[in-house]
Amino acid sequence: MADRYQPRPEHKFTFGLWTVGNTGRDPFGKPVRDALSPVEIVHLLADVGAYGVNFHDNDLVPIDATSGERERIVSSFKRALEDTGLCVPMATTDLYSESVFRDGAFTSNDPKVRAYALQKAMRGIDLGAELGAKVYVFWGGREGTETDAGKNPLDASRWFREALNFLCEYNISHGYGMNFALEAKPNEPRGDLYLPTTGAMLGFISTLDHPEMVGVNPEVAHEQMAGLNFMHAVAQAWDAGKLFHIDLNDQNGPRYDQDWRFGCHSVKQAFFLVKFLEDVGYSGSRHFDAHALRTSDAEDVRAFARGCMRTYLILKEKADAFRDDTRIQALLARITEDDGNTTRWTGTYSDEKAESLKQHSFDRAALALRGQPYEELDQLVVELLLGVR
Ligand code: GLT
Ligand code: MN
Ligand code: MN
Numbered sequence: 232m233a234d235r236y237q238p239r240p241e242h243k244f245t246f247g248l249w250t251v252g253n254t255g256r257d258p259f260g261k262p263v264r265d266a267l268s269p270v271e272i273v274h275l276l277a278d279v280g281a282y283g284v285n286f287h288d289n290d291l292v293p294i295d296a297t298s299g300e301r302e303r304i305v306s307s308f309k310r311a312l313e314d315t316g317l318c319v320p321m322a323t324t325d326l327y328s329e330s331v332f333r334d335g336a337f338t339s340n341d342p343k344v345r346a347y348a349l350q351k352a353m354r355g356i357d358l359g360a361e362l363g364a365k366v367y368v369f370w371g372g373r374e375g376t377e378t379d380a381g382k383n384p385l386d387a388s389r390w391f392r393e394a395l396n397f398l399c400e401y402n403i404s405h406g407y408g409m410n411f412a413l414e415a416k417p418n419e420p421r422g423d424l425y426l427p428t429t430g431a432m433l434g435f436i437s438t439l440d441h442p443e444m445v446g447v448n449p450e451v452a453h454e455q456m457a458g459l460n461f462m463h464a465v466a467q468a469w470d471a472g473k474l475f476h477i478d479l480n481d482q483n484g485p486r487y488d489q490d491w492r493f494g495c496h497s498v499k500q501a502f503f504l505v506k507f508l509e510d511v512g513y514s515g516s517r518h519f520d521a522h523a524l525r526t527s528d529a530e531d532v533r534a535f536a537r538g539c540m541r542t543y544l545i546l547k548e549k550a551d552a553f554r555d556d557t558r559i560q561a562l563l564a565r566i567t568e569d570d571g572n573t574t575r576w577t578g579t580y581s582d583e584k585a586e587s588l589k590q591h592s593f594d595r596a597a598l599a600l601r602g603q604p605y606e607e608l609d610q611l612v613v614e615l616l617l618g619v620r
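When we follow the working numbering, the leftmost residue of the sequence shown carries the number 232, and every step to the right adds one.
Put into C-alpha cells, the structure is as follows:
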C-alpha cells in the first residue's frame, strides 16, 4: 500500500542548504558532522522526497570564490537540480556571519558597510534569479543593538527602508519578478533585533516605495521566542496578502532559537498552523528552516528531514479529520450560532444604523449567561491528535 504520508511535489516541501547541511556547530561546541557539498545536499533532499532547495549566496558560492569557481559551482549545482528534478523556490543573502557585519548590514553605522551589504544583496539576487528563485528572503540577523547609546532606531529604519527600496528598483530594472519576504526575530545574535516580530515587519512594509513587492517570511521559532502565538502572526500576514513564504520548525518557549524538527515539541500549535495553511489554501513553499539535533549522525539527519515532512502531512490529515468530525462541527455551529438579529447594524456604516444601535436596549445579564463549550471542543482536538478519535 502506498504510504499516504509520502511527500509529493505539490506539497512544496523545501529545505535550505544550511538546514540538512548543518554540521552541529553551536556557540559552545565544534562541528560534529562532516560538511556536505551543495550537490550532495541536493541528492540527499531528493532521496527524502523534498520538492525544492533554498540557499544563502555563500552556502552555494564561498565568499572568496573567483568567477571561474563560481561558474563551476553553479553549473554543477544546476546539473544536480536537473538530475533530481528539484527546484530553487527561494534564495537569500548571508548578511550576518562575516565580521564586517558585526554592527549590522543595512543598518550598520558605517556607510561603507551599508553599501557593501547592498552590493552583496544585489549579487545574491542575481544568483537567486539565475537559479530560478521567485522569493528572496531578508533575515537581518545583525540588524540590531546591544546598547542604544550608539544608534538611533529612526536612522536604522531609514537605512533599512532605503536599502529595500533600492533593491526593489533593482529587481524591477532587471525584470527578475521576485517577491521579497522579510523575516523577523526578536533577538539573537544581537541583544535586540529591529522589527522583532512579523507584525512589526507588516507595519514597516507599508512605508516602502513598493509595498506590493514585499511580504513576510514568519518563522515558528522566532515568534515563539517572543512568547507569541505563531498561527496568529501567520493569519495576520495572510489577511494582509503578505504571506510570501514560511519557515517551519519548532521551539520550546522563549529561549535561544532552537530550530527543531517541525512539530516535535508544540504539536497542538503545529496542528492549528497546518490547519490554517490548508484551510486558506496557502500555495507557497513549506520551508523547513530547522536542523537535526547535535547528537544526530548523517543517517539521523535524514530521519530529521523525513520527520518534518511526515509530521506536516499527518497534521494535514488531522485537519481533514477535524473538518469531517460531526461532533466537532456541531460544537462549532453552536459556538458561532447567530439568529441574524444584529445584521441591521452591521456592514457599511450609516447614521441610521448608528442611531438605532445606540438606542437599542441590550439585556447584558442575559448575554453574559452564554457560555462556550471550549473545554469539550479542545478535548476533542486533543483526542484527535492523540489518535483516539
Ligand atoms: C539563519 C536563520 C534563519 C533564516 C535564514 C535565512 S539564515 O539560518 O536562523 O532563521 O531564515 O537567512
Ligand atoms: Mn530560527
Ligand atoms: Mn528562518
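All C-beta atoms, glycine included, are put in the ideal place defined by N, C-alpha and C.
{"Query": "Span of the beta strand (DSSP E) holding F397?", "Result": "No beta strand (DSSP E) holds F397; the alpha helix (DSSP H) holding it covers 384–404."}
{"Query": "Output the distance between the C-alpha atoms of E454 and T428, rounded to the nearest integer angstrom.", "Result": "6 Å"}
{"Query": "Under a criterion of Cβ closer than 5 Å to any non-hydrogen atom of ligand 2, which residues qualify, in chain order?", "Result": "A452, D488, D490"}
{"Query": "Taking 7 Å as the threshold (C-beta atoms), are R601 and C539 in contact?", "Result": "no"}
{"Query": "Quick one, what's near ligand 3 if you take every residue whose CB is closer than 5 Å to any heavy atom, in chain order?", "Result": "E450, D478, D520"}
{"Query": "Select from G515, V498, L349, E583 the residue whose C-alpha is nearest the C-alpha of H242.", "Result": "G515"}
{"Query": "Near R537, what residues of its chain come up, given a Cβ to Cβ distance below 6 Å and the 5 sequence neighbours on each side ignored?", "Result": "V279"}
{"Query": "Do you know whose CA, among R389, T323, V270, lies nearest L317's CA?", "Result": "V270"}
{"Query": "Quick check: is any heavy atom of ligand 1 less than 6 Å from the C-beta of T338?", "Result": "no"}
{"Query": "Quick one: is the Cβ of E414 within less than 6 Å of any heavy atom of ligand 1?", "Result": "yes"}
{"Query": "Looking at the structure shown, is F503 part of a helix, part of a strand, or coil, going by DSSP?", "Result": "helix"}
{"Query": "For the alpha helix (DSSP H) holding E414, just list the boundary residues, first then last.", "Result": "Note, E414: premise wrong, no alpha helix (DSSP H); beta strand (DSSP E) at 410–414."}
{"Query": "Where do the N-terminal and C-terminal ends of the alpha helix (DSSP H) with T557 fall, by residue?", "Result": "557–566"}
{"Query": "Cβ atoms of F502 and L616: under 7 Å apart, would you say?", "Result": "yes"}
{"Query": "Measuring only the C-alpha atoms, how far is D341 from E419?", "Result": "21 Å"}
{"Query": "Any heavy atom of ligand 1 within a distance shorter than 6 Å of the CB on S323?", "Result": "It is Thr, not Ser, that sits at residue 323 in the sequence shown. Yes, the Cβ of T323 comes within 6 Å of a heavy atom of ligand 1."}
{"Query": "Do you know offhand how far R239's Cα is from T245's?", "Result": "11 Å"}
{"Query": "Is it the case that the Cβ atoms of T338 and A277 are separated by a distance below 7 Å?", "Result": "no"}
{"Query": "Going by DSSP, what residues sit across from M321 in a beta bridge?", "Result": "V366"}
{"Query": "Using 6 Å as the cut-off, classify the Cβ of W576 as near or not near the heavy atoms of ligand 1, replying yes or no.", "Result": "no"}
{"Query": "Go to G299, then tell me how far its alpha helix (DSSP H) extends in each direction, as first and last residue.", "Result": "298–315"}
{"Query": "Considering only residues of the segment 437–509, which uninterrupted beta strand (DSSP E) runs meet the minimum length of 3 residues and lie entirely inside it, listed in chain order?", "Result": "445–447"}
{"Query": "Measuring only the C-alpha atoms, how far is S307 from G363?", "Result": "15 Å"}
{"Query": "Between M456 and P417, how many whole angstroms is the CB-CB distance? I'm expecting something under 8 Å.", "Result": "5 Å"}
{"Query": "Identify the residues that DSSP records as bridge partners of R421: which are they?", "Result": "Answer is none; R421 lacks a bridge partner."}
{"Query": "Locate the alpha helix (DSSP H) running through R345, then write down its first and last residues.", "Result": "342–361"}
{"Query": "Measuring alpha carbon to alpha carbon, tell me which of S581, T297, W576, A266 ends up nearest H591.", "Result": "W576"}
{"Query": "For S298 and Y347, I'd like the C-alpha separation in whole angstroms.", "Result": "18 Å"}
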